[in-house]
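Notes follow the structure.
Right under this line is the structure:
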């Protein structure tokens with residue numbers, strides 16, 4: 175089974191890359207572009223920046239202390255994509271491994287001297303994930319041998335220690351290596367890393383131990399906090415440990431942290447992380463659209479976590495959040511040409527970004543960049559898109575569940591089906607049985623789809639949010655047709671979100687929309703929208719929307735606080751074009767806003 | 175004339191510490207507390223942290239690369255306060271000066287190798303300001319000799335160079351040293367530092383050259399940008415250079431930058447700086463109450479700049495902004511006991527800060543701290559309060575102008591007056607002539623005081639915002655009585671400030687008010703206030719206010735974005751107590767908000 179996550183128990187079992195094939199469509203196109211363009215793009219930049227050369231012993235060493243991990247993420251992407259470049263790159267990596275399995279181009283001469291910021295175990299984590307992918311897609315080879323030696327080194331060095339890494343990821347990597355190899359010490363090592371964190375295991379830092387989730391044990395936390403990627407990678411590992419050790423209490427702890435985080439610390443796009451300074455969540459209801467950090471990697475981590483919780487519990491809410499995050503964060507993170515990337519993903523941009531040549535040294539969110547000093551996001555996108563088919567569907571003893579509706583062929587046991595749909599642009603999803611079989615077919619109905627219907631065997635019935643289930647047995651040619659209501663809808667924020675008071679956003683299907691102003695289009699600074707039904711414009715296979723709004727000229731008005739409430743805007747009435755958020759920033763420097771003052 | 179700023183030309187001439195004496199009252203009490211407590215507090219911490227020991231050659235050197243400057247700010251405070259500890263501290267500093275005048279405990283062995291972050295010229299700037307203070311309060315001594323040698327070294331080293339410092343302050347320091355000594359090369363050196371900045375003079379950094387205002391010449395900029403303290407220190411120096419060289423264009427450039435900054439980048443409290451990550455302004459209308467950085471030092475720099483622009487132009491707007499910033503930022507920066515300080519000054523705090531022991535390694539704004547790793551704010555407060563009398567009043571050929579109404583005695587020529595007032599708690603200001611003389615007496619009427627009156631010689635007349643002027647000649651016993659309207663007032667934000675939409679604040683006189691919740695008082699997360707006249711409570715010489723509000727319990731509600739606009743709050747009706755913003759945080763960890771949802 176070719177999956178990044180293969181729990182030995184849980185309500186749902188994932189179908190993998192060997193049983194789900196994406197066809198041309200929203201995700202199929204992106205997965206193909208990723209394989210053809212983005213993977214090579216990443217490798218080219220890693221070569222150019224010297225990060226691959228580090229493994230060849232080229233000196234001076236280049237890149238940040240965690241740059242090894244970028245090569246490992248890329249190797250993982252190559253493994254899932256069955257990319258021909260993998261063996262040569264793995265050969266280069268193998269050169270740097272030391273006799274006892276230690277492997278790190280930065281800390282080789284001063285091993286384990288900085289657990290807070292050194293990222294050594296973090297790098298192993300990504301290396302192990304690459305090895306897991308290779309084992310599942312291909313079987314043993316040089317890469318997987320490197321991985322086994324490294325993992326054994328980690329277990330020898332840390333099993334009886336009290337240390338852990340400032341950046342989690344080793345936890346979920348070791349559990350998965352246990353799952354694929356059956357070697358129990360990997361699971362035990364992961365369990366110990368989880369349990370020793372927060373005792374505390376690391377030194378205090380100016381950001382506070384909450385930054386790397388070492389302020390309290392995962393079992394006791396109430397909400398995700400601190401650095402968002404770290405928090406979500408850790409939570410994913412905690413779920414993996416909980417599932418494999420049957421630790422219900424630990425699983426429940428993560429579920430309730432997730433619930434509070436979703437209710438109070440998540441942006442409309444599914445993005446997480448409100449602060450730039452420490453790339454952290456911020457406080458409950460601190461959800462500024464303009465300074466939202468929403469790191470692309472945090473959204474990938476959120477998808478990983480939701481997927482794990484979905485598998486463990488079968489609760490559709492996790493798939494709903496994963497879908498929101500996939501369409502509005504993962505798809506946003508990479509340009510339509512597959513060659514540039516967002517690091518931060520704000521929901522409002524007031525000043526168009528200045529185009530940059532070459533490496534972006536910052537992590538702002540105004541324009542996609544081909545590469546960053548810290549280039550986690552491009553490689554993380556590459557490995558996630560390469561394994562995306564594994565997120566689409568699951569199985570239980572009595573059938574299959576299709577969570578994400580995108581053109582695909584899905585096979586489980588004797589049953590094979592084809593999914594055809596124009597989703598997310600249109601709401602019809604047709605499932606045609608290619609090869610007959612037994613069991614139920616369950617199609618997810620998102621929470622926003624309150625008027626969905628399912629047609630099957632000549633009858634049409636209402637399909638409430640959750641799963642619309644049809645029962646077999648199935649014969650080739652049988653057809654299911656799910657109709658999701660795709661009318662655009664206005665969405666309003668909880669009144670406790672101070673930064674969004676007095677504004678509303680427009681969504682359609684799973685997509686969040688935004689106003690975007692490029693070049694000499696009127697700026698969006700003094701905008702007031704009317705809450706009336708948006709008009710749809712279908713062009714080039716994309717649905718844009720139009721709402722009525724008033725746009726002011728933005729003149730300077732002196733001291734901006736006064737005794738009178740600002741009256742009705744005096745700007746010009748315009749038809750304001752809204753584009754899917756994931757497409758913004760593809761037409762050059764722009765201002766943008768998801769939340770429209772009303 | 176004992177003043178930190180003594181321009182040789184300009185519309186207004188400042189009265190100084192030798193002619194303005196503060197009496198017990200809002201500012202007089204704070205100036206006395208500063209002299210008695212805060213100055214010693216700072217010296218004690220600088221000794222404890224080893225920053226003074228650095229000058230004695232104690233090794234390893236301790237503190238950040240700019241820690242020398244803290245001792246210099248403290249020396250300036252001591253000079254203005256005529257503090258007996260100055261000579262001994264100056265003696266310690268003198269020990270570290272090298273033969274050619276170079277003086278820096280950090281870079282002694284590697285002079286001028288890092289202009290971007292080294293802060294060497296920045297340290298000289300503060301040293302020179304201390305020397306200026308000493309020269310004006312006392313005359314030449316060891317400190318002023320150290321300063322002269324250092325300033326001459328700077329001129330020799332940098333006059334023909336193209337470099338400048340990543341952190342401005344040397345510019346205004348050198349102009350002031352020119353003003354006090356008449357040595358023209360100091361002015362020329364300052365002029366060159368101003369003119370070479372932005373050509374550019376420094377390397378690019380991840381924050382961008384705008385961070386240290388090296389993105390364009392000061393003459394061309396449209397608005398203050400980048401690191402707020404740097405921006406405002408530079409602008410102060412630019413005004414000084416413009417005034418001394420008669421460069422009207424340069425002065426106008428700063429005036430228009432100030433105007434746009436006030437209209438678009440200033441918080442209600444007068445605070446500036448919206449971003450934590452680079453302590454910078456942020457974009458126009460990016461004014462988040464919760465993440466407002468509003469560094470105490472930036473507010474001090476803003477007061478310095480407003481004061482310079484007031485002197486140069488006589489425009490009352492500068493005094494209005496200075497007053498707002500003094501009452502709501504400077505007074506907020508230090509605790510009522512003079513022993514702890516705010517670094518950042520947000521307008522909303524959602525989660526009570528955790529009390530810290532000892533040095534605060536971060537710069538958050540939830541609780542005042544006795545000391546910081548970067549302890550600019552305590553020392554900056556100390557030197558500003560020590561010189562505060564110099565900001566109160568000015569003179570022209572035809573009289574005096576009183577800009578800040580606080581109990582004081584003011585002398586100019588033959589004329590001597592006493593100002594008696596309960597301001598800012600009450601609105602009556604009585605000016606009694608102690609010794610007769612000629613000329614007009616002008617009393618500032620703040621912009622919010624739209625119904626003020628001036629009583630003089632048996633008649634009462636309306637006094638519009640600006641200056642209420644009464645004409646002499648004056649005899650001892652003559653009296654002027656200004657009445658400023660002190661009714662609390664609701665204030666609303668410009669609709670372009672996204673973060674404040676749907677909320678309002680309460681002000682009374684020059685004071686901004688806030689809701690504060692300590693210990694087990696109800697939290698402020700789900701608050702809706704009614705815009706009706708606030709009720710006053712006068713207690714212990716302080717005016718608190720009460721407004722009607724609804725306070726919700728803050729239960730968790732799942733996904734916080736939905737199809738329905740949040741209806742009327744279902745919380746409990748309460749009388750919500752508002753306290754002056756400058757007093758918040760004196761009762762222990764608290765949540766707080768200036769802007770109340772309405």
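Protein chains in written order, with our numbering: chain A, 175 to 772; chain B, 175 to 772.
Even glycine gets a Cβ: it sits at the ideal position worked out from N, Cα and C.
Between which two residues does the beta strand (DSSP E) carrying residue i extend?
i             : result
residue 615/A : 614 to 619
residue 665/B : 663 to 667
residue 576/A : 573 to 576
residue 657/B : 653 to 657
residue 195/B : 194 to 196
residue 746/B : 746 to 754
residue 331/B : Not the beta strand (DSSP E): residue 331/B falls in the alpha helix (DSSP H), residues 316 to 332.
residue 682/A : 677 to 682
residue 641/A : 640 to 645
residue 720/B : 716 to 725
Helix, strand or coil for residue i per DSSP?
i             : result
residue 446/A : strand
residue 339/B : coil
residue 462/B : coil
residue 394/A : coil
residue 234/A : coil
residue 507/B : helix
residue 797/B : With chain B running from 175 to 772 in the structure shown, residue 797/B is simply not present.
residue 276/A : coil
residue 381/B : coil
residue 189/B : coil
residue 564/A : helix
residue 376/A : coil
Within 10 angstroms of the Cβ of residue i, are there 16 or more other Cβ atoms? Answer buried if so, exposed if not.
i             : result
residue 198/B : exposed
residue 333/A : exposed
residue 704/B : exposed
residue 642/B : buried
residue 712/B : exposed
residue 426/B : exposed
residue 365/A : buried
residue 645/B : exposed
residue 305/B : buried
residue 771/A : buried
Start and end of the alpha helix (DSSP H) containing residue i?
i             : result
residue 531/B : Per DSSP, residue 531/B belongs to no alpha helix (DSSP H) and is neither H nor E.
residue 261/B : 260 to 269
residue 767/A : Note, residue 767/A: premise wrong, no alpha helix (DSSP H); beta strand (DSSP E) at 764 to 767.
residue 243/A : 241 to 254
residue 585/A : No alpha helix (DSSP H) contains residue 585/A, which is instead part of the beta strand (DSSP E) from 582 to 586.
Does any residue of chain D bring its CB to less than 7 Å from the CB of residue i?
i             : result
residue 380/B : Annotation note: the requested chain D is absent from the structure, which comprises protein chains A and B.
Checklist entry - If you measure beta-carbon to beta-carbon, which residues of the stretch 647 to 681 of chain B are closer than 9 Å to chain A? => result Going along the stretch 647 to 681 of chain B in chain order, one finds 663, 664, 665, 666, 667, 668, 669, 670, 671, 672, 673, 674, 675, 676, 677, 678, 679 and 681 with a Cβ nearer than 9 Å to chain A.
Checklist entry - Counting pairs of beta carbons, one from the stretch 545 to 562 of chain B and one from the stretch 234 to 254 of chain B, are three or more of them closer than 8 Å? => result Two segments are said to touch when three or more pairs of C-beta atoms, one from each, lie closer than 8 Å; by this definition the stretch 545 to 562 of chain B touches the stretch 234 to 254 of chain B.
Item to check | Cβ-based contacts, 8 Å cut-off: residues of the stretch 731 to 750 of chain B near chain A | outcome: So the list reads 731, 732, 733, 734, 735, 736, 737, 738, 739, 740 and 743, given in the order they occur along the chain.
Checklist entry - Would you call the stretch 451 to 471 of chain B and the stretch 468 to 480 of chain A touching, i.e. three or more CB-CB distances under 8 Å? => result Between the stretch 451 to 471 of chain B and the stretch 468 to 480 of chain A, the count of C-beta pairs closer than 8 Å stays below three; the two stretches do not touch.
Item to check | Interface residues of the stretch 454 to 471 of chain A facing chain B [CB-CB below 9 Å] | outcome: Within the stretch 454 to 471 of chain A, 456, 457, 458, 459, 460, 461, 462, 463, 464 and 465 place their CB atoms closer than 9 Å to a CB of chain B, listed in sequence order.
Next on the checklist: Using a Cβ-Cβ cutoff of 7 Å, what residues of the stretch 681 to 705 of chain B are near chain A? List them in chain order.
Outcome noted: Residues passing the 7 Å Cβ filter: 699 and 700.
Next on the checklist: Taking 8 Å as the cut-off, does the stretch 696 to 712 of chain B touch the stretch 177 to 185 of chain B (at least 3 CB pairs, one atom from each stretch)?
Outcome noted: Using a C-beta cut-off of 8 Å, the stretch 177 to 185 of chain B makes no contact with the stretch 696 to 712 of chain B, since fewer than three inter-stretch Cβ pairs fall below that distance.
Checklist entry - With contact counted as at least three CB pairs below 8 Å, one residue from each stretch, are the stretch 573 to 584 of chain B and the stretch 538 to 555 of chain B in contact? => result Result no; under three Cβ-Cβ pairs closer than 8 Å.
Checklist entry - For the stretch 493 to 525 of chain B, which residues have a CB atom closer than 8 Å to at least one CB atom of chain A, in sequence order? => result Contacts with chain A (Cβ-Cβ distance below 8 Å) from the stretch 493 to 525 of chain B involve 522, 524 and 525, listed in chain order.
Next on the checklist: Counting beta carbon pairs with one atom in the stretch 519 to 530 of chain B and one in the stretch 454 to 465 of chain B, are three or more of them shorter than 8 Å?
Outcome noted: Under the 8 Å Cβ criterion, the stretch 454 to 465 of chain B counts as touching the stretch 519 to 530 of chain B, having at least three qualifying pairs.
Checklist entry - Is the stretch 185 to 203 of chain B close to the stretch 480 to 487 of chain B, with three or more CB pairs under 8 Å? => result Short answer: they touch.
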